[in-house]
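Trainee:
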Amino acid sequence: MLEISARLEEALNRAFLKVLPKEDRSSKTSSILMGTNLVPASKPEFGDFQINCALSLAKELKQPPREIAQQIADQLQKDNDFFQICNPPIIAGPGFINLSINSKTLISEIHFRLNDKRLGVPLKKFSSEKIEEGKNNNRVIIDFSSPNIAKEMHVGHLRSTIIGDSLARILEFCGYEVLRLNHVGDWGTQFGMLITHLKEVVPEALHTKDVVEISDLVNFYRQAKKRFDEDQIFQNKSRKEVVNLQAGEQESLIAWQLLCKQSRKEFQKIYDRLDIKLTERGESFYNKFLVDVINDLKNKNLLINDQGAQCIFLDGVVGKDGKPQPIIIQKSDGGFNYATTDLAAIKYRLTPPPHGDGALRLIYVTDAGQASHFSGVFQIAKLANWIPTDCQIEHVPFGLVQGEDGKKLKTRSGETIRLVDLLDEAIQRAREDLKARLNTERRSENESFIDKVSTTVGIAAIKYADLSQNRVSNYQFSFDKMLSLQGNTAPYLLYALVRIAGISRNGGNLNVSSQNIQFNEPQEWALIRKLLQLDCIIAEVEKELLPNRLCGYLFELSQIFNRFYDQVPILKASEPARTSRLALCSITADTLKLGMSLLGIPTLERM
Ligand code: ARG
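Per the numbering used here, the sequence shown starts with residue 101, numbered consecutively.
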C-alpha cells in the first residue's frame, strides 16, 4: 500500500493544481494543500482512503464544500494513473471524498505477493556517499538487555531484551545493519565490595572457575553491599580494591574476569531460551575513553567544579528541592559515573571507523525510570557537538512489569521473581492447557510433540504479552491472559497459522502459481486489504519503534482470516474460487510467519 498511496498522493497533487493553480493560492490555501491530504479511511465501508481537505478549502474560498469536493473528484477521475488504481471517487457527507482501490489493482498486488519473499515490504536503499565519509549510513545501534554482572537479570531486563530484539529484527529486515549491543554493567564500585567480601568468605571463588553459582553471587553481593553501608573499614578496603582493579592489578583482574564469566554464563542461558543474539560490550570497554571525555568537555568549557566534583548543570534539570541539579561527570575522588560511561559510549558509537562505530541512529531500550538520565546525557553530547546533524539518538522507554494486583511482580512469598522461573512456569502452564485440550478433543500425541508445543507456546506467550502492549505503559503480567486462546494473544495468532497448515494437510496446495485468481466475497476483499497493509505497518514501526503496532496488525489479520475461514468455503469451493482462496491462505500464512519472526516469536504447524 505504500507505493499505491504515494501514487495517489501524486495524482491528488495534480488534481489540486488543476482546481487551484499555484498562482491563485493564498498562503492559507497552499498550506492546506501542502498537508497530508490522503488519509486511510476511518471505516472500511468508506473505502481505502479519504480526502478531507475540501471542507477547509471551501471555507477559505467561500464556496460550498461539496462543490469543491466534486471539482477535485472530477480532476482525479481524469487522471490516468488515478484511473488505473481506483474506482470513481465518491463524495460523502458535507464534502469528504472517499476512494477505494479497484479490484484489478488489488488482485495484481496479491499476485505480486505470491512470488515476493518480502511480501511487498521494500528494502531500504542507502546512498554510498555517506559510506565514503566513513559513516555507515545504514548502521543502527540498539543498546538493549544490558543486565548487571553479579546481579540477577530482572523482569525489567526481560522487557528490554524482548523489545530490543524485536526492534533489531525489524530494522534488520528493513535493510539496516544493526549492531545489537549488550551494555552490561561490568564495572564500578560493586566489584570492589564483592571482591573484598569474597576474599574473606570464599577466596577460592576469586581464582577458580565455577566455585559459586550466580544465585550465590547475588547473595554475596547483597551481603557485601550491607557491609559496605555499615562498616567504614570494609568501605575503605573496597575502595582500594576498585583502585587496584582500575590500575589493572593481576589478582583483581582475574577475580573480576571470573565474576563476569560466571554471570555471563547465566545470562546466556536466558538468551538461548529466548533466541536472542547480542554482542557484549560492557561498561568496562569504555574505560580507556573516559579521560578523553572529561578533557573534551573541559576544553569546551562545559564542566563546573562543584566541591571537587566535575559537573554539568543543564537547563531545566532540578532536584526535588527545586534547586539546579548537577550531572556529575567525575566524582571528587576521581571516580567516574554511569553517565560518564554513557557519554563515552555515545562518542564512540557516532565516531566513524576505525575509531568508532560510525552509526547513524542510536537506540537505547531501558525502563522509563532512566528517561532523565538519557535526556541529560543526550543534551550533554549535543552541547559537546558529538552528534552530527544527520544522526538520531533516541531513548526507547518502557513501563514497569506489574503483578495482576497492579503491584510490583513478586513471588507468593514476596521475593523478586527469577526470570528462569517465569519462563519455566509459562511453559508448565502451556503444557497443562495443552494436555487438557488434548483430553477434551480425544487426541493422543507423543511426549516430544507435547514438549515442543508447550515450550513454543510458553515462550511465545511471554514475548507476545510484552510486545503487544504499548511499551510506554506499565504492563500487568498474567499467565492466564497471555496463554488464552482468545483475544490478542500469541496462542490466538499461532492458532490461525495452525488452521492454515491444516488446510494444506487436507490437500489444499498452498503453492499457488495460477494466474487465474478471482474474488467475489466481502470476506475475501477484507482479507486482501488487510494483507496489503503490511508494508505501511513495518514503515511505521521503523519510525516510531513501537512493536505493538505490528502485534495489533497481526491480531486483526488473524481475526479477519478467521472470519474468512469460518464463513467462506475453501477446499470445497469450485475453481477458480478454490485456488484463489488458497492463494489468500498462503499469503496470510507467510504474513503471519514473517510478522511473528520479526517479533522474535517461533511458530508451529500443529498445536
Ligand atoms: N545496566 C543498566 C541497568 O541495568 C542498563 C544499561 C542501559 N544502557 C546504557 N547504555 N545505559 O539498568
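We put the CB at the ideal spot given by N, CA and C, even for glycine.
Do you know offhand how far Glu272's Cα is from Pro121's?
Mentor: Indexing the sequence shown from 1 puts residue 272 at position 172. Indexing the sequence shown from 1 puts residue 121 at position 21. Glu272 and Pro121: Cα-Cα distance of roughly 43 Å.
Trainee: Using the three-state DSSP reduction, which class does Asp467 fall into: helix, strand or coil?
Mentor: As a working note, residue 467 is residue 367 in the sequence shown. Here Asp467 sits in strand by DSSP.
Trainee: Just the Cα atoms here: how many angstroms apart are Ser338 and Glu547?
Mentor: Numbered from 1 along the sequence shown, position 238 holds the residue referred to as residue 338. Numbered from 1 along the sequence shown, position 447 holds the residue referred to as residue 547. Approximately 52 Å, taken between the alpha carbons.
Trainee: Rounded to the nearest angstrom, what separates Asn539 and Arg649 at their Cα positions?
Mentor: The residue given as residue 539 occupies position 439 in the sequence shown. The residue given as residue 649 occupies position 549 in the sequence shown. Spanning the two alpha carbons is a distance of roughly 36 Å.
Trainee: Within 10 angstroms of its Cβ, does Val284 collect 16 or more other Cβ (buried), or is it exposed?
Mentor: In the sequence shown, residue 284 corresponds to position 184, counting from 1. Buried.
Trainee: Straight-line CA distance for Ala141 to Phe436?
Mentor: Within the sequence shown, numbered from 1, the residue matching residue 141 stands at position 41. Within the sequence shown, numbered from 1, the residue matching residue 436 stands at position 336. Each residue's Cα considered, the two are about 54 Å apart.
Trainee: For the segment 200-275, which segments carrying the alpha helix (DSSP H) assignment without a break, of at least 4 residues, lie completely within its bounds, in sequence order?
Mentor: 203-214, 229-232, 255-274
Trainee: Which value, in whole angstroms, describes the spacing of the CA atoms of Asp790 and Leu267?
Mentor: In the structure displayed, the chain extends from 101 to 707; residue 790 sits before or after that span and is not available.
Trainee: With distances taken Cα to Cα, identify the nearest neighbour of Met134 among Gly147, Arg449, Ile151.
Mentor: Position 34 of the sequence shown, counting from 1, holds the residue named residue 134. Closest option to Met134, Cα to Cα, is Ile151.
Trainee: With contact counted as at least three CB pairs below 8 Å, one residue from each stretch, are the segment 357-364 and the segment 300-310 in contact?
Mentor: yes
Trainee: So, helix, strand or coil for Glu515, using DSSP?
Mentor: For the purposes of this step, residue 515 is taken as the residue at position 415 of the sequence shown. Residue state, collapsed to three classes: coil.
Trainee: Does the structure place the segment 504-524 close enough to the segment 567-586 that three or more beta carbon pairs sit under 8 Å?
Mentor: Contact between the segment 567-586 and the segment 504-524 is present, because at least three Cβ pairs lie under 8 Å.
Trainee: DSSP on Arg125, reduced to helix/strand/coil?
Mentor: Here residue 125 is taken as the residue at index 25 of the sequence shown, counted from 1. Correct three-state label for Arg125: coil.
Trainee: Just to confirm the assignment, what range does the alpha helix (DSSP H) spanning Glu277 have?
Mentor: Counted from its first residue, the sequence shown places residue 277 at position 177. Where Glu277 is concerned, there is no enclosing alpha helix (DSSP H), although the beta strand (DSSP E) it sits in stretches over 277-282.
Trainee: Secondary structure at His455, three-state DSSP: helix, strand or coil?
Mentor: Translated into positions along the sequence shown, residue 455 becomes position 355. His455: coil per DSSP, three-state reduction.
Trainee: Distance check for Leu684 and Lys204, CA to CA, integer angstroms please.
Mentor: The residue labelled residue 204 in the question sits at position 104 within the sequence shown. The residue labelled residue 684 in the question sits at position 584 within the sequence shown. In this structure, the CA atom of Lys204 is about 16 Å from the CA atom of Leu684.
Trainee: At the level of alpha carbons, what is the spacing between Ile321 and Gly256?
Mentor: Position 221 of the sequence shown, counting from 1, holds the residue named residue 321. Position 156 of the sequence shown, counting from 1, holds the residue named residue 256. Correcting the residue type first, residue 321 is Tyr in the shown sequence and not Ile. If you take the alpha carbons of Tyr321 and Gly256, they lie about 19 Å apart.
Trainee: Figure out for me which residue from Cys651, Asp179, Pro647, Ser246 has the closest Cα to the Cα of Asp442.
Mentor: Here residue 442 refers to the residue found at position 342 of the sequence shown. The shortest C-alpha separation from Asp442 is found at Ser246.
Trainee: Are the CB atoms of Ile660 and Leu627 within a distance shorter than 9 Å?
Mentor: Looking up residue 627 in the sequence shown gives position 527. Looking up residue 660 in the sequence shown gives position 560. Yes; because the gap between Cβ atoms is below 9 Å, this pair is in contact.
Trainee: Considering only the alpha carbon of each residue, which of Pro454, Ala169, Ala106 lies closest to Phe116?
Mentor: Mapped onto the sequence shown, residue 116 falls at position 16. The shortest Cα separation from Phe116 among Pro454, Ala169, Ala106 belongs to Ala169.
Trainee: List the DSSP bridge partners of Phe436.
Mentor: Translated into positions along the sequence shown, residue 436 becomes position 336. The partner list for Phe436 (beta bridge, DSSP) reads Gln430.
Trainee: Does the segment 479-496 come into contact with the segment 460-471, if we say contact requires no fewer than three beta-carbon pairs (one atom in each stretch) closer than 8 Å?
Mentor: yes
Trainee: Using the beta-carbon count (16 or more within 10 Å), is Pro426 buried or exposed?
Mentor: Sequence index remark: in the sequence shown, residue 426 carries index 326 (1-based). Counting Cβ neighbours within 10 Å, Pro426 comes out buried, since at least 16 surround it.
Trainee: How many Å lie between Val391 and Asp467 at the Cα?
Mentor: Here residue 391 is taken as the residue at index 291 of the sequence shown, counted from 1. Here residue 467 is taken as the residue at index 367 of the sequence shown, counted from 1. Rounded to whole angstroms, Val391 to Asp467 spans 28 Å at the Cα level.
Trainee: Report the residue from Ser472, Leu593, Ser697 whose alpha carbon sits nearest the alpha carbon of Ala439.
Mentor: Counting from 1 along the sequence shown, the entry for residue 439 is found at position 339. Nearest C-alpha to Ala439 among Ser472, Leu593, Ser697: Ser472.
Trainee: What are the partner residues of Glu380, as DSSP defines its beta bridges?
Mentor: Start at 1 with the first residue of the sequence shown, and residue 380 comes out as number 280. Paired residues: Asn282.
Trainee: Is Asp442 near the ligand ARG, in the sense that its beta carbon is under 8 Å from a heavy atom of that ligand?
Mentor: As a working mapping, residue 442 is identified with position 342 in the sequence shown. It does: the Cβ of Asp442 is within 8 Å (strictly closer) of some heavy atom of the ligand ARG.
Trainee: Along the chain, where does the alpha helix (DSSP H) containing Ile404 start, and where does it finish?
Mentor: As a first step, residue 404 must be located in the sequence shown, where it is residue number 304. In the DSSP assignment, Ile404 falls outside any alpha helix (DSSP H) and lies within the beta strand (DSSP E) extending over 404-406.
Trainee: Quick one: using the 10 Å Cβ neighbour count with 16 as the cut-off for buried, is Ile270 buried or exposed?
Mentor: For the purposes of this step, residue 270 is identified with residue 170 of the sequence shown, where counting begins at 1. When all chains shown are included, Ile270 counts as buried.
Trainee: Buried or exposed for Ser513, going by 16 or more other Cβ atoms inside 10 Å?
Mentor: For this step, residue 513 is matched to residue 413 along the sequence shown. The residue in question, Ser513, is exposed, as its Cβ has fewer than 16 Cβ neighbours within 10 Å.
Trainee: Note the first and the last residue of the continuous alpha helix (DSSP H) segment covering Phe389.
Mentor: Here residue 389 is taken as the residue at index 289 of the sequence shown, counted from 1. Phe389 -> alpha helix (DSSP H) spans 387-399.
Trainee: For Val342, report the span of its alpha helix (DSSP H) as first-last.
Mentor: Translated into the one-based positions of the sequence shown, residue 342 becomes position 242. Taken as a continuous stretch (DSSP letters only), the alpha helix (DSSP H) holding Val342 covers 332-346.
Trainee: So what's Leu138 in DSSP terms, helix, strand or just coil?
Mentor: To locate residue 138, count along the sequence shown from 1; it is residue 38. In this structure, Leu138 counts as strand in the three-state DSSP scheme.
Trainee: Compare the Cα-Cα distances from Ala250 to each of Phe474, Ala305, Trp486, Leu374 and report the closest residue.
Mentor: Residue mapping note: residue 250 aligns to position 150 of the sequence shown, counting from 1. If we check each option's Cα against that of Ala250, Ala305 comes out closest.
Trainee: In the DSSP assignment, find the beta strand (DSSP E) that holds Gln492 and state where it starts and stops.
Mentor: For this step, residue 492 is matched to residue 392 along the sequence shown. Counting along the chain, the beta strand (DSSP E) containing Gln492 begins and ends at 492-498.
Trainee: Would you please state the rounded distance, in angstroms, between the beta carbons of Arg571 and Ile263? I believe it to be under 8 Å.
Mentor: Stepping through the sequence shown from its first residue, residue 571 is reached at position 471. Stepping through the sequence shown from its first residue, residue 263 is reached at position 163. Contact flag correct, Cβ pair sits at about 6 Å.
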